[in-house]
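Numbering-wise (our numbering), the sequence shown opens with residue 1 and increments by one.
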Amino acid sequence: MKRHLNTLFVTTQGAYLAKEGETVVVKVEKEIRLRVPVHTIGGIVCFGQITCSPFLMGYCAGQNV
1 MKRHLNTLFV TTQGAYLAKE GETVVVKVEK EIRLRVPVHT IGGIVCFGQI TCSPFLMGYC
61 AGQNV
């Protein structure tokens with residue numbers, strides 16, 4: 001996973017993105033790898049087999065991420 005400017009790029013295969021409070025949580029094999037406050041992100045880009053929770057997608061849409 002890499003962050004360039006304010007875009008979160010997720011490249012780890014099998015990663016799961018979820019919403020916890022007002023943060024994006026990236027889990028790999030049920031282990032938390034990254035927590036990022038949503039207000040610091042301008043966009044999220046996923047490459048490959050990445051799963052994103054519908055709650056996170058809806059929240060990001062509401063926050064213009």
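Heads up, the beta-carbon is just placed ideally off N, CA and C, and yes, glycines get one too.
The structure displayed is predicted, hence computed values, not measured ones.
### Task
Pick helix, strand or coil for Gly42, following the three-state DSSP scheme.
coil
### Message
As a quick exercise: from Gln13, Val45, Arg35, Ile44, pick the residue whose alpha carbon is nearest that of Glu22.
### Response
Arg35
### Message
Alpha carbons only, please: which of Thr12, Val38, Pro37, Ile41 is nearest the one belonging to Lys27?
### Response
Thr12
### Task
Taking all protein chains shown into account, decide if Ile32 is buried (16 or more other Cβ within 10 angstroms of its Cβ) or exposed.
exposed
### Message
Comparing C-alpha positions only, which one of Thr7, Glu29, Lys19, Asn6 sits nearest to Gln49?
### Response
Glu29
### Query
In the DSSP assignment, what residue or residues form a beta bridge with Glu66?
Since the displayed the chain opens at 1 and closes at 65, residue 66 lies outside it and no answer follows.
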